[in-house]
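Let me begin by presenting the structure, written as C-alpha cells, before commenting on it.
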Amino acid sequence: MQELSIQLSDTEWPLTYTDHDRQIVRAIVVDDQQDFYFVRAKRNDDFGKATLIETSGGGVETGEDLETALKRELKEELGAEVEIITKIGVVSDYYNVIHRHNINNYYLCKVTSFGEKHLTKDEIEDFHLSTLRLSYRDAEKEYQKCAETRIGKLIAARELPVLRRAKVLLGE
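According to full-length UniProt numbering, the stretch in the sequence shown is residues 1 to 172, in order.
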C-alpha cells in the first residue's frame, strides 16, 4: 500500500510568514487488544485554551534518524517500548501563529512493553500531558470533539486520515 502524503494549510490563523521547518515523528500506537494510545494535552498558550488528543511524538534531534527519534519520543511520552510495523506516511502542515511548517512522519507501532515515562518540564507544567487508551471508535469521537477548538481542528485534520489509514493497515 502506498504511503500517505498529505499537504495541509492552517485555516484558523492568518499566514504572515513561516520562519522554520520542523521534522517531527509521530505514531499510531496499538496493543494486542487493538486499543490505541494517544496523549492528552491541556494547554493555554498562543493557540488558546484547549484540551486535545494527539498522537505521541515530537521533534527529531540533530543527528537522529526518524526511527530512533520515534522510539525515544514514545518512551518519553508514553513509557512505551514499541515494534515499528510500517511507515504510514507524511503530513505536511503549518502552524501560522508560531510561523512553523511541520513535516510529520507517521508510523504504525505495536507496544511491546510499558515502563516509566520521561516527560519534560514543559510537557508536565505547560501541556499537562497524560496517556489516553482508546478503542478506534472512541479515538475518532475524541478527535471530533476536540476539533471544536481552533488548534484541535488543525490536529484533527492532520491525524484523522492517519488513524483511518492505520485501521486499514491493521486489517479492520
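We put the beta carbon where it would ideally sit given N, CA and C, even for glycine.
Item	Value
Taking T86 as part of the beta strand (DSSP E), name the residues at either end of that continuous run.	A80 to Y95
Report back the beta-carbon spacing between T120 and E81 to the nearest angstrom; my notes put them in contact at under 8 angstroms.	19 angstroms between Cβ atoms; not a contact.
Please classify Y17 as buried or exposed, where buried requires at least 16 other C-beta atoms within 10 Å of its C-beta.	exposed
Do the segment 8 to 26 and the segment 128 to 139 touch if we need at least three Cβ pairs shorter than 8 angstroms?	no
Can you tell me the Cβ-Cβ gap for P14 and N96, rounded? I've got them flagged as a contact below 8 angstroms.	6 angstroms
For the beta strand (DSSP E) that V25 lies in, which residues bound it at each end?	H20 to V30
Can you tell me whether DSSP reads K42 as helix, strand or coil?	strand
Bridge partners for T131 per DSSP, in chain order?	V39
Provide the residue(s) that pair with A50 in DSSP beta bridges, ordered along the chain.	R43
The beta strand (DSSP E) that contains residue 173, what's its start and end?	Because the chain spans 1 through 172 in this model, residue 173 falls outside it and cannot be assessed.
With a cut-off of 8 angstroms, does the C-beta of T120 fall near any C-beta of chain D?	Any reference to chain D falls outside this structure, which holds one protein chain only.
Contact check, E77 vs K117 under 8 angstroms by CB: the rounded distance?	7 angstroms
Out of curiosity, what's the CA-to-CA distance linking K110 and G79?	13 angstroms
Specify, as a first and last residue, the run of the beta strand (DSSP E) that G108 falls within.	The amino acid at residue 108 is misidentified as Gly; the sequence shows Leu. Here the beta strand (DSSP E) through L108 covers R100 to F114.
Use the C-beta contact count for I124: other C-beta atoms within 10 angstroms, 16 or more gives buried, fewer gives exposed.	exposed
In the DSSP assignment, what are the bridge partners of G59?	I24
Just to confirm my understanding: we take L160, look at its own chain, exclude 5 residues before and 5 after, and list those with CB closer than 6 angstroms. What are they?	Y143
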